[in-house]
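Undergrad:
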Amino acid sequence: MRFGPGQRVRVASRSHAGHCRTPVYLRGKTGTVACVHGSFTNPETRAYDSDGLPEQPLYGVVFVQHDVWPAYAGPSEDSLVVDVFEHWLEEA
Amino acid sequence: MGSDHEHPHVHDHPHEPIGHDGEPAAAARVRALEELLVEKGVVTRESVRQGVDWLVSRSPADGARLVARAWVDPRFKERLLADARAAADELGLDAGPSPKVVAVENTDELHNMVVCTLCSCYPRALLGPPPAWYKSLPYRSRAVSEPRAVLAEFGVELDPGVELRVLDSTADVRYLVVPQRPKGTDGLDEKALAALVTRDSMIGVAQPRATEPQLA
Numbered sequence: 030m031r032f033g034p035g036q037r038v039r040v041a042s043r044s045h046a047g048h049c050r051t052p053v054y055l056r057g058k059t060g061t062v063a064c065v066h067g068s069f070t071n072p073e074t075r076a077y078d079s080d081g082l083p084e085q086p087l088y089g090v091v092f093v094q095h096d097v098w099p100a101y102a103g104p105s106e107d108s109l110v111v112d113v114f115e116h117w118l119e120e121a
Numbered sequence: 527m528g529s530d531h532e533h534p535h536v537h538d539h540p541h542e543p544i545g546h547d548g549e550p551a552a553a554a555r556v557r558a559l560e561e562l563l564v565e566k567g568v569v570t571r572e573s574v575r576q577g578v579d580w581l582v583s584r585s586p587a588d589g590a591r592l593v594a595r596a597w598v599d600p601r602f603k604e605r606l607l608a609d610a611r612a613a614a615d616e617l618g619l620d621a622g623p624s625p626k627v628v629a630v631e632n633t634d635e636l637h638n639m640v641v642c643t644l645c646s647c648y649p650r651a652l653l654g655p656p657p658a659w660y661k662s663l664p665y666r667s668r669a670v671s672e673p674r675a676v677l678a679e680f681g682v683e684l685d686p687g688v689e690l691r692v693l694d695s696t697a698d699v700r701y702l703v704v705p706q707r708p709k710g711t712d713g714l715d716e717k718a719l720a721a722l723v724t725r726d727s728m729i730g731v732a733q734p735r736a737t738e739p740q741l742a
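Which chain is which? The protein sequence lines are A and B, in order. The first sequence runs 30 to 121 under this note's numbering. The second sequence runs 527 to 742 under this note's numbering.
1) Name, in chain order, the residues that DSSP records as bridge partners for A41/A.
2) So, helix, strand or coil for D112/A, using DSSP?
3) Tell me, to the nearest whole angstrom, how far the beta carbon of L619/B is from that of D588/B; I am working on the premise that it is less than 8 angstroms.
4) Please determine if the stretch 41 to 49 of chain A and the stretch 68 to 86 of chain A are in contact, where contact requires at least 3 C-beta pairs separated by less than 8 angstroms.
5) Any idea if R611/B is buried or exposed, counting beta-carbon neighbours within 10 angstroms, 16 or more meaning buried?
6) For D112/A, count neighbouring Cβ atoms within 10 angstroms of its own Cβ and tell me buried if that reaches 16, exposed if not.
7) Check whether the Cβ atoms of V91/A and G67/A sit closer than 8 angstroms, and answer yes or no.
8) Closer than 7 angstroms by beta-carbon distance: list the chain E residues that pair up with E106/A, in chain order.
9) Suppose contacts are defined by Cβ-Cβ distances below 8 angstroms. Is V62/A in contact with Q85/A by that definition?
10) Determine which residues share a DSSP beta bridge with G103/A and list them.
11) Using a C-beta to C-beta distance shorter than 9 angstroms, which residues of chain A count as neighbours of T643/B?
12) Report the partner residues of P86/A according to the DSSP bridge assignment.
13) Under 8 angstroms, do P52/A and D694/B count as touching if we go by C-beta distance?
14) Out of R707/B, Y701/B and I729/B, which one is the CA nearest neighbour of L607/B?
15) For L722/B, count neighbouring Cβ atoms within 10 angstroms of its own Cβ and tell me buried if that reaches 16, exposed if not.
16) I need the DSSP call for E572/B, collapsed to helix, strand or coil.
17) What does DSSP give as the partner residues of V640/B in its beta bridges?
18) Flag P686/B as yes if its beta-carbon sits less than 8 angstroms from any beta-carbon of chain A, otherwise no.
19) For T74/A, which of helix, strand or coil comes out of DSSP?
20) When the Cα of A732/B is compared with those of T696/B, K717/B, E679/B and G710/B, which residue comes out closest?
21) Use the C-beta contact count for R601/B: other C-beta atoms within 10 angstroms, 16 or more gives buried, fewer gives exposed.
22) In whole angstroms, what separates the C-alpha of R725/B from that of S671/B?
23) What is the rounded straight-line gap between the Cα of C645/B and the Cα of D609/B?
24) Can you tell me which of the three DSSP states F680/B falls into?
25) So which residues of chain B does L87/A contact, with C-beta pairs closer than 7 angstroms?
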């Protein structure tokens, strides 16, 4: 595991052709690792007649809503938790 | 489809497209995909039927049993929040084929709400088939960008002092919300409590009430 709980991470801002489970609205956004879910097969290859191996670590990453949506209307405490695979995360 | 495809009959006669009366486009697409997958040996008609049968046999009553047990047994609640699949096993419930099921607790300080922005990931084994609105584009987009407005439309006016946490189930985790036990339910037993736990409250877009609201 490259990251651990409490660590600041940024979602890569690259684009991806084909099936992918990293939402576009999060690309380039910075959050904090909340938990490590374990390792799971890679949906980006599994979608194309592959076994999806090697497994990729999956993290629950918590984002402050105001960091994701500059015009967010709610309180500053509001948050968003998204599960992101390790190869989409960079140190922030 | 091109004109060079193999065809079991000769096209020497005009006719209307052979269709299924009134079939929505999405259903036609699914049917075409299913036919191809059967033809290629990826699935069988029997396995598809079994899958649908399993899905529609699931119900939010299972999730409600987990929540009610957590309300009456704090140690069970700890185990549920630590490992929802193991907790479901304890009650003889099937948490389903998803790799990981996570239960999150609503409190006076934190309200959780679940969405799948990419498709319709949902703890089907414990909640049954997802409602149509859960799969709709407006819910999937607005639940992350303006969740308080969405909650208000569901009738939940969240206090500004309560943190709203939206869980976007993008990958291998399915989320189940453990709502707050309503006030005025001290005298109720576990079974009566389970009857108060609605599907929507386990998605996080509603709060259970001590008695079902009466329609005017």
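Backbone N, C-alpha and C fix where the C-beta goes; we use that ideal spot for every residue, glycine too.
TA: According to the data block:
1) According to DSSP, A41/A bridges with nothing at all.
2) strand
3) 5 angstroms
4) yes
5) buried
6) buried
7) no
8) No chain E appears in this structure, whose protein chains are A and B.
9) no
10) DSSP output for G103/A lists no bridge partner at all.
11) P52, Y54 and V111
12) S68/A
13) yes
14) Y701/B
15) buried
16) helix
17) L693/B
18) yes
19) helix
20) E679/B
21) exposed
22) 23 angstroms
23) 24 angstroms
24) coil
25) A697 and D698
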